Amino acid sequence: MIFSWLHFAIVLFLLAGLLFAIGPLILAGLLAPKARGGDIGMPYECGMIPYGSSWARWGVSYYVYALIFLAFDVDVLYLFPVSTAYIDAEGLVPFVKVFIFLSFLILSVIYFWAKGVFTWPRRIQ
Amino acid sequence: MAAQDSVVQPEYLTAGNHHMDPPLVNMKLAQDIFDVCRSMSLWPMTFGLACCAIEMMATGMARFDMARFGAEVFRPSPRQSDVMIVAGTVTKKMAPAVVRLYEQMPGPKWVIAMGNCAISGGPFKIKDNYNVIQGVDTLIPVDVYVPGCPPRPEGLLEGFFELQRLITGKRWWPVAAKVEG
Numbered sequence: 000m001i002f003s004w005l006h007f008a009i010v011l012f013l014l015a016g017l018l019f020a021i022g023p024l025i026l027a028g029l030l031a032p033k034a035r036g037g038d039i040g041m042p043y044e045c046g047m048i049p050y051g052s053s054w055a056r057w058g059v060s061y062y063v064y065a066l067i068f069l070a071f072d073v074d075v076l077y078l079f080p081v082s083t084a085y086i087d088a089e090g091l092v093p094f095v096k097v098f099i100f101l102s103f104l105i106l107s108v109i110y111f112w113a114k115g116v117f118t119w120p121r122r123i124q
Numbered sequence: 000m001a002a003q004d005s006v007v008q009p010e011y012l013t014a015g016n017h018h019m020d021p022p023l024v025n026m027k028l029a030q031d032i033f034d035v036c037r038s039m040s041l042w043p044m045t046f047g048l049a050c051c052a053i054e055m056m057a058t059g060m061a062r063f064d065m066a067r068f069g070a071e072v073f074r075p076s077p078r079q080s081d082v083m084i085v086a087g088t089v090t091k092k093m094a095p096a097v098v099r100l101y102e103q104m105p106g107p108k109w110v111i112a113m114g115n116c117a118i119s120g121g122p123f124k125i126k127d128n129y130n131v132i133q134g135v136d137t138l139i140p141v142d143v144y145v146p147g148c149p150p151r152p153e154g155l156l157e158g159f160f161e162l163q164r165l166i167t168g169k170r171w172w173p174v175a176a177k178v179e180g
């Protein structure tokens with residue numbers, strides 16, 4: 000094995016980073032007095048006692064809303080690089096390619112539209 | 000398991016058997032240094048119960064600027080705070096939440112009772128009172144009392160200086176001059 004100062008430096012940096020992260024935790028564990036008992040282990044910290052189980056039911060409308068957000072968001076996200084690169088594109092083929100991609104996203108929007116999501120119903124069929 | 004005589008009961012801080020265990024490494028010098036560090040970086044909890052909280056906010060803002068004295072970072076969570084400023088009237092309804100929030104703070108921790116209501120019930124300390132706790136020190140251990148109705152921001156700052164003196168055993172800031180009148 001060939002010794003390299005660069006590798007040594009990298010390992011040194013890794014160790015320093017690890018110590019930087021774990022050091023304060025160890026110090027706090029050793030040197031700080033510990034509060035014990037009472038409600039210190041309670042998962043919530045707003046002062047109220049949580050009730051019910053975490054398997055609660057949520058309105059499915061929110062889930063669909065999140066999906067729509069994704070549809071539009073991904074739409075915009077992928078169109079940014081397209082908009083910068085499109086000026087150099089030649090011919091009709093790039094247009095068709097982008098349009099195929101877009102049509103699928105538009106399909107998803109139409110799907111939700113047909114489902115009546117944009118009217119924000121109480122119950123989605 | 001039956002309680003044994005050799006087991007020393009810790010000093011409970013609240014009714015919920017909350018207590019503080021001493022640090023694993025309990026060296027005098029290290030703790031003294033840490034005490035100075037702790038007193039100069041007190042993180043109060045954002046916890047206003049009544050009108051005193053307005054003065055507490057003013058203390059944190061630019062005019063009085065608590066950050067000058069090392070106690071700026073108001074934390075929205077008890078898990079990250081050192082100091083609980085009980086700023087206002089503690090009602091019977093709110094008392095369990097106050098105790099719970101105190102218990103959820105990690106050690107070491109301190110409590111400032113701000114204003115007459117938190118100290119003794121203040122204007123609500125009357126015969127027919129049915130819903131106000133007569134002093135928050137009946138629920139949780141209080142380190143510094145800041146009287147006033149409400150205390151001015153200078154008063155709360157003085158309370159912080161007193162807390163810093165309590166932690167480190169030294170007053171770090173100059174004393175304000177007496178004003179005639």
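Chains A and B, in that order, give the protein sequences.
Under numbering that gives the first Met the number 0, the first residue of the first sequence is numbered 0, with each subsequent residue one higher.
Under numbering that gives the first Met the number 0, the first residue of the second sequence is numbered 0, with each subsequent residue one higher.
Cβ atoms here follow ideal geometry from the backbone N, Cα and C, with glycine treated the same way.
Predicted model only: the values in this text are computed from it and were never measured.
Neighbour list for residue i in chain A, Cβ cutoff strictly below 7 Å
i: ARG78 of chain B; result: GLU44
i: GLY33 of chain B; result: The sequence given here places Phe at residue 33 of chain B; Gly does not occur at that position. Per Cβ cutoff of 7 Å: LEU30.
Cross-chain neighbours of residue i in chain B, by beta carbon under 9 Å
i: ALA34 of chain A; result: LEU12, HIS17, HIS18, MET19, ASP20, GLU102, GLN103, MET104, PRO105, GLY106, PRO107 and LYS108
i: MET41 of chain A; result: ARG99, GLU102 and GLN103
Buried versus exposed, by CB contacts within 10 Å (16 or more), residue i
i: CYS36 of chain B; result: exposed
i: MET104 of chain B; result: buried
i: HIS17 of chain B; result: buried
i: ALA49 of chain B; result: buried
i: ALA65 of chain A; result: exposed
i: MET0 of chain A; result: exposed
i: VAL73 of chain A; result: exposed
i: LYS108 of chain B; result: buried
i: TYR43 of chain A; result: exposed
i: ILE39 of chain A; result: buried
i: ASP162 of chain B; result: The sequence shown places Leu at residue 162 of chain B, not Asp. When all chains shown are included, LEU162 of chain B counts as buried.
i: ALA1 of chain B; result: Unreliable placement is indicated for ALA1 of chain B, whose pLDDT of 49 sits below 50; no coordinate value is reported for it.
i: PHE2 of chain A; result: exposed
i: SER82 of chain A; result: exposed
i: SER76 of chain B; result: exposed
i: VAL92 of chain A; result: exposed
i: TYR144 of chain B; result: buried
i: ALA61 of chain B; result: exposed
i: ALA55 of chain A; result: exposed
i: PRO43 of chain B; result: buried
i: ALA66 of chain B; result: exposed
Contact set between residue i and chain B, taken where Cβ atoms lie within less than 7 Å
i: GLY37 of chain A; result: THR13, GLY15, ASN16, HIS17 and GLU102
i: MET47 of chain A; result: ALA96
Listed by chain order, chain A residues near residue i by CB distance under 8 Å
i: ALA29 of chain B; result: LEU30
Do the segment 91 to 111 of chain B and the segment 39 to 57 of chain A meet, that is, are 3 or more Cβ pairs less than 8 Å apart?
The segment 91 to 111 of chain B, when compared against the segment 39 to 57 of chain A, does touch it at the 8 Å Cβ threshold.
Jot down the residue ranges of each uninterrupted alpha helix (DSSP H) in the segment 51 to 107 of chain A, minimum 4 residues, whole runs only, in chain order.
Qualifying alpha helix (DSSP H) stretches, in chain order: 59 to 84.
Compile a chain-ordered list of the residues in the segment 5 to 25 of chain B whose CB is closer than 7 Å to at least one CB of chain A.
Within the segment 5 to 25 of chain B, the residues whose Cβ lies closer than 7 Å to some Cβ of chain A are THR13, GLY15, ASN16, HIS17, HIS18, MET19, ASP20, PRO21, PRO22, LEU23 and VAL24, listed in chain order.
Output the residue ranges of the alpha helix (DSSP H) runs that lie fully inside the segment 137 to 180 of chain B and measure 4 residues or longer, sorted by chain position.
Scanning the segment 137 to 180 of chain B from its first residue to its last, the whole alpha helix (DSSP H) runs of 4-plus residues come out as 152 to 167.
Determine, using beta-carbon pairs with one atom in the segment 21 to 30 of chain B and one in the segment 110 to 120 of chain B, whether at least three such pairs fall under 8 Å.
No, the segment 21 to 30 of chain B does not touch the segment 110 to 120 of chain B.
Return the chain-ordered ranges of every alpha helix (DSSP H) run that is complete within the segment 47 to 134 of chain B and spans a minimum of 4 residues.
Here the runs fully enclosed are 51 to 59, 94 to 103 and 114 to 119.
Would you call the segment 39 to 59 of chain B and the segment 139 to 156 of chain B touching, i.e. three or more CB-CB distances under 8 Å?
Counting Cβ pairs under 8 Å, three or more are found: they touch.
Please name the residues in the segment 13 to 30 of chain A whose beta-carbon is closer than 8 Å to at least one beta-carbon of chain B, in chain order.
Residues of the segment 13 to 30 of chain A with a C-beta less than 8 Å from any C-beta of chain B: GLY28, LEU29 and LEU30, listed in chain order.
Taking 8 Å as the cut-off, does the segment 77 to 91 of chain B touch the segment 7 to 17 of chain A (at least 3 CB pairs, one atom from each stretch)?
Cβ pair count under 8 Å is below three, so no.
Give me the subset of the segment 67 to 101 of chain A whose CB atoms are less than 7 Å from a CB atom of chain B, sorted by chain position.
Among the residues of the segment 67 to 101 of chain A, none has a Cβ less than 7 Å away from any Cβ of chain B.
Contact between the segment 13 to 32 of chain A and the segment 71 to 80 of chain B is defined here as three or more beta-carbon pairs at a separation below 8 Å; is this criterion met?
When C-beta atoms of the segment 13 to 32 of chain A are compared with those of the segment 71 to 80 of chain B, fewer than three pairs fall below 8 Å, so the two segments do not count as touching.
Is the segment 128 to 135 of chain B in contact with the segment 57 to 65 of chain B, if contact means three or more CB pairs nearer than 8 Å?
No, the segment 128 to 135 of chain B does not touch the segment 57 to 65 of chain B.
Of the residues that make up the segment 59 to 73 of chain B, which ones have a beta carbon closer than 9 Å to any beta carbon in chain A?
So nothing in the stretch comes that close.
Would you mind listing the alpha helix (DSSP H) stretches within the segment 17 to 48 of chain B that are 4+ residues and don't spill past its ends, in chain order?
List check, alpha helix (DSSP H) in window: 27 to 38.
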